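> Taken in sequence, the protein lines are chains A and B.
Read left to right, the first sequence gives residues 29 to 503 (this note's numbering).
Read left to right, the second sequence gives residues 29 to 503 (this note's numbering).
Protein chains: 2
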Amino acid sequence: MPASKTLILVGTLLTFLASASAAEKSPSFSKADLAAAGQLRERALADATAYELISSLTTEVGPRSAGSSGDKAAVAWGLREMQRLGFANVRSMDVTVPHWVRGEAEFSVLAPWPQSMPTLALGGSVGTPAEGIEAEAVMVKDLDALKALPADAVRDRIVFFNNRMERTRDGSGYGRAVPVRTAGPSAAAALGAIGVVIRSISTSDERFPHTGAIRYAADVPRIPAVAISNPDADALARQFENGKSVRVRIRSSSRDLAPAPSANVIGEIPGTDLAGEIVILGAHLDSWDPGVGAIDDGAGVAIMMATAKLISGLDQKPRRTIRVVLFANEEFGTSGSRAYVEALQGDAARHVLGFEADFGAGPVWRLSSRVNSAQLPAVDQIFRALAPLKLARGGNEVSGGADLDGLAKLGMPLMSPDLDGTKYFDVHHTANDTLAKVDPVALRQAVAAFAATVWLGAQYPGEWERVQTVKPPRR
Amino acid sequence: MPASKTLILVGTLLTFLASASAAEKSPSFSKADLAAAGQLRERALADATAYELISSLTTEVGPRSAGSSGDKAAVAWGLREMQRLGFANVRSMDVTVPHWVRGEAEFSVLAPWPQSMPTLALGGSVGTPAEGIEAEAVMVKDLDALKALPADAVRDRIVFFNNRMERTRDGSGYGRAVPVRTAGPSAAAALGAIGVVIRSISTSDERFPHTGAIRYAADVPRIPAVAISNPDADALARQFENGKSVRVRIRSSSRDLAPAPSANVIGEIPGTDLAGEIVILGAHLDSWDPGVGAIDDGAGVAIMMATAKLISGLDQKPRRTIRVVLFANEEFGTSGSRAYVEALQGDAARHVLGFEADFGAGPVWRLSSRVNSAQLPAVDQIFRALAPLKLARGGNEVSGGADLDGLAKLGMPLMSPDLDGTKYFDVHHTANDTLAKVDPVALRQAVAAFAATVWLGAQYPGEWERVQTVKPPRR
């Protein structure tokens, strides 16, 4: 037997022994708790609460970007709805948010073939002079391609980042494509460019540009940046095909106003014997302004509120406290979650388990986690309790979403009923994010998965141990 | 046997005898012509001409509404491309077109829940004062529901027509839904309304409003009219659900300019022994301005030009002359086709057979016609020649599309390879009408069906007799 195979065998054996040992130490859920999980699952599949919440939020509030009048209306909506649903300790936590306003934006090709294309300023972009900026465009695929250009290739020019995002179920295509949006403007400015237009970080062929936040670097000029839709990026790329110079114009009146007041909205289902331990359910109340924020993140807000509501309707009360937090301004700097973590003042360890829903309206297709390995058997038990939902078993390396990242870095375990993101980036950050994009059946399934998982997380008879803050390697 | 059954039997017998008699009189296509039809079909299925034409037209010209700079560019494009493809007698025919400009439009709900919704002015709509018009909205389904309201129910109000178009393959849902757009503004104005907003004549849940022409009545005030998308119409309808007054605002800067010069673009594949007989292939060169007119009607333009090009590439030359006419301004009053008919001066009878493509980019799913019953056996022969395309056999009651309607009313027979319109009204008259909506495979199939049918129409060994101008009853 070759040495390498021996090592694998030994490794497998050790893994087996470790997990057998963990299973021995890990206490089992009570029959009553498992029965209640089944009850939650069944009730959720017949429950309209989540859909009604998204309908209400999108109809009565609509767009709610940080600092806007919609943002304030959303906070009032969240407090009112949590009270209506009977949550305890309903309150707001003041958060100061940046207040960027979009204004109007135009993107035009001037030569060789004049055309105007629907555009959106990227979030946080500086505006242009009223007459706009005009320059020759330089088309590159991505940041690596930009860096590979000769010196001065983009000086005084407008850079067109033209890389199409890949469609994936787990959203990994987004992570690979998004750096041109977040870092592209400053990368181009560092090379002397005066503006940026990106092919939207989008999987759709509908003609919607996608907005989303820029992260300007501190040490280079801030230059205007806009996005165009996939079909327009295709058309712009075709303008380059004949080898003539492509000249474009960007006009944008976006600008920063003074920071504004907003708030996290918090409500609870109080625990019983372990009331001091918090299972936190996070989603974000703000949305980008072009759409009405149905899937991003009305759906997450609704899934979490419906989950808590369903649990509060059980005869049994949860052991741990279930806390729903609707975070302020996730989209443009995660102001709400940062304020939440800052306010903890050493109290982070009370947050023993976290859930986040910020990836659309379902369905859930997989159960993943990031728990201390000693609690993996508990995750396995929960997974088995979800069997009728026919989920896949994910790994133990999820990262917190944007809003729970801070708590996760402080060692809080995470459980993740993974929402199916196959179509999420068709609509994400566009005017097309409306209630029509929510499938009520998929949404109910998602609530079922969350409700059963959250409930068992709150009932776990063992201890949710802290997680190493160093992310383990991918398996 | 009951009398009714006897009558049916006699009727069936007479029909059989009539068609048997017609079949005897109707000459058969030559083997060479049928072989060439098969060759055309096969070549078309492998030919990229049509797709390249749509790509070129949408990239190099883009939007081309009547009277715009794009309209002029489209005429130049048509002349250039017809020459490049080797057509004979390439020429333009001057046409004066109305010149309406869209300007900017806004639609907002002011109460109970303020929201702004993407909107488009309907084609030809008058604008509003700069500050817009504000009024209580009255929601009705359609024109019948409007007429059923009590007197003064809409006086000084804004009417919201809220009827969703039905999805059909043959486009019949459009005919049933569109009267609120064409006639709704004047119907509402006749009852004292000051403005109209319609649920777009649309089968899509993407957030695109659909424009399209109004026909103002002469005897009532012209009031502004705009369209909102299906998801926004859903949201607006929800605003009515709590019974509170719904207040809305319309702002639009649309206006009429002086009529402008445009042109029909014409090119031919000359006939041989029957060169004086014309088989006319019509499509329209203009498009509505929000999109780039890929499916409406870049596709029709391309299908007809590719058809003629493929026929010109055969060893055999056609007996009758094949004339491609790219009509000016179909969308806002069929100026081009009306000018074409006026210019005929009694020469209409030379147009012995007509084809029109103005229903998207394929595939073709059915072969219909409107020919003299004596030529139905010829249509049957053509249908059999198309067998590999697996089409359905349609009826003999097609109407001319908008552009061939005038010639059809003068008795010209029509043949119609029916384009599949199932998804057409998802995109029709929206900003989303881009090249991304063209499936190259379906488009090639459509060209195959048109090319073989046009060819056989041009080769028919009999006479294409005139058709009664009274439309026969539907069977």
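All residues carry an ideal CB built from backbone N, CA and C; glycine is no exception.
These figures come from a predicted structure and were not determined experimentally.
#1: Out of Arg235(A), Val475(A) and Tyr488(A), which has the shortest C-alpha to C-alpha gap to Lys465(B)?
#2: Note down, in chain order, every chain B residue with its Cβ under 8 angstroms from the Cβ of Ser83(A).
#3: Between which two residues does the alpha helix (DSSP H) harbouring Pro405(B) extend?
#4: What residues in the region 456-473 of chain A bring their beta carbon closer than 9 angstroms to a beta carbon of chain B?
#5: Please compile the residues from chain A whose C-beta is within a distance smaller than 9 angstroms of the C-beta of Glu194(B).
#6: For the region 61-89 of chain A, which residues have a CB atom closer than 8 angstroms to at least one CB atom of chain B, in sequence order?
#7: Can you list, in chain order, the residues of its chain with a C-beta nearer than 6 angstroms to that of Leu435(B)? Leave out the 5 residues immediately preceding and following it.
#8: Rounded to the nearest angstrom, what separates Ser97(A) and Phe188(B) at their Cα positions?
#9: Between which two residues does the beta strand (DSSP E) carrying Gly310(A) extend?
#10: Between which two residues does the beta strand (DSSP E) containing Asp122(B) stretch?
#11: Taking Cβ-Cβ distances shorter than 7 angstroms, what residues in chain C pair up with Glu234(B)?
#12: Hey, is Trp128(A)'s beta-carbon within less than 7 angstroms of any beta-carbon in chain B?
#13: Which value, in whole angstroms, describes the spacing of the CA atoms of Pro146(A) and Leu372(B)?
#14: So for Trp393(A), helix, strand or coil by DSSP?
#15: Check whether the region 339-349 of chain A and the region 402-421 of chain A are in contact - that is, three or more C-beta pairs closer than 8 angstroms.
#16: Arg398(A): buried (16+ other C-beta within 10 angstroms of its C-beta) or exposed?
#17: Could you give the DSSP three-state label for Arg192(A): helix, strand or coil?
#18: Under 9 angstroms between beta-carbons, which chain B residues line up against Trp141(A)? List them in chain order, please.
#19: Grab the span of the beta strand (DSSP E) containing Arg283(A) for me, first residue to last.
#20: Can you tell me the Cβ-Cβ gap for Ala483(B) and Leu68(B), rounded? I've got them flagged as a contact below 8 angstroms.
#21: Specify the secondary structure class of Glu234(B) as computed by DSSP and reduced to three states.
#22: Straight-line CA distance for Gly490(A) to Pro445(A)?
#23: Just to confirm my understanding: we take Ala101(B), look at its own chain, exclude 5 residues before and 5 after, and list those with CB closer than 8 angstroms. What are they?
#24: Kindly indicate which residue of Ile222(B), Leu150(B), Glu162(B) and Val166(B) has the alpha-carbon position closest to the one of Pro207(B).
#25: By DSSP, does Pro445(A) sit in helix, in strand, or in coil?
#26: Counting only beta-carbon atoms, is Ala330(B) nearer than 7 angstroms to chain A?
#27: Give me the chain A residues within the contact set of Pro237(B), using Cβ-Cβ distance strictly less than 9 angstroms, ordered along the chain.
#28: Which chain B residues sit within Cβ distance under 7 angstroms of Asn191(A)?
#29: Please work out which residues of its chain come closer than 6 angstroms, Cβ to Cβ, to Leu309(A), disregarding the five sequence neighbours upstream and downstream, and give them in chain order.
#30: Is Glu358(B) helix, strand or coil by DSSP?
#31: If the cut-off is 7 angstroms on Cβ atoms, which residues from the region 307-340 of chain A count as contacting chain B, listed in chain order?
#32: For Val129(A), I'd like the list of residues in its chain whose CB is within less than 7 angstroms of its CB, leaving aside the five on either flank, ordered along the chain.
#33: Around the C-beta of Ala255(A), are 16 or more other C-beta atoms found within 10 angstroms, so that it is buried, or is it exposed?
#34: Does chain B have any CB closer than 7 angstroms to the CB of Ala94(A)?
#35: Which whole-angstrom value is the C-beta distance of Leu148(B) and Ala158(B), which I expect to be below 8 angstroms?
#36: Starting from Asn258(A), find everything on chain B with Cβ-Cβ shorter than 8 angstroms and list it in chain order.
With the given structure in hand:
#1: Arg235(A)
#2: Arg266
#3: Leu404 to Ala413
#4: Thr458, Ala459, Asn460, Asp461, Thr462, Leu463, Ala464 and Lys465
#5: What Glu194(B) touches in chain A: nothing, since even the nearest Cβ is about 17 angstroms away.
#6: Ser83, Thr86, Thr87, Glu88 and Val89
#7: If we look at Leu435(B) and ignore the five residues flanking it on each side, its Cβ neighbours are His379 and Gly382.
#8: The alpha-carbon separation between Ser97(A) and Phe188(B) amounts to approximately 26 angstroms.
#9: Leu302 to His312
#10: Ala116 to Val129
#11: The chain inventory of the structure shown lacks chain C, comprising the protein chains A and B.
#12: no
#13: 42 angstroms
#14: strand
#15: no
#16: buried
#17: coil
#18: Thr87, Glu88, Val89, Gly90 and Ala101
#19: Arg283 to Ile297
#20: Looking at the sequence itself, residue 483(B) is Trp, so the reference to Ala does not match. Correct: roughly 6 angstroms between the Cβ atoms.
#21: coil
#22: Put simply, the backbone Cα of Gly490(A) is about 21 angstroms away from that of Pro445(A).
#23: Glu88, Val89 and Arg92
#24: Leu150(B)
#25: Pro445(A): strand per DSSP, three-state reduction.
#26: No, because no Cβ of chain A sits closer than 7 angstroms to the Cβ of Ala330(B).
#27: Within 9 angstroms Cβ-Cβ: nothing; Pro237(B) doesn't reach chain A, min ~11 angstroms.
#28: Going along chain B, no residue has its Cβ under 7 angstroms from Asn191(A), so there is no contact; the nearest lies around 17 angstroms.
#29: Met332, Val352 and Phe383
#30: coil
#31: Cβ contacts with chain B: none found.
#32: Ser282, Arg283 and Leu285
#33: Here Ala255(A) is buried. Its C-beta has 16 or more other C-beta atoms within 10 Å.
#34: no
#35: With a Cβ gap of about 19 angstroms, Leu148(B) and Ala158(B) do not count as contacting.
#36: Ala464
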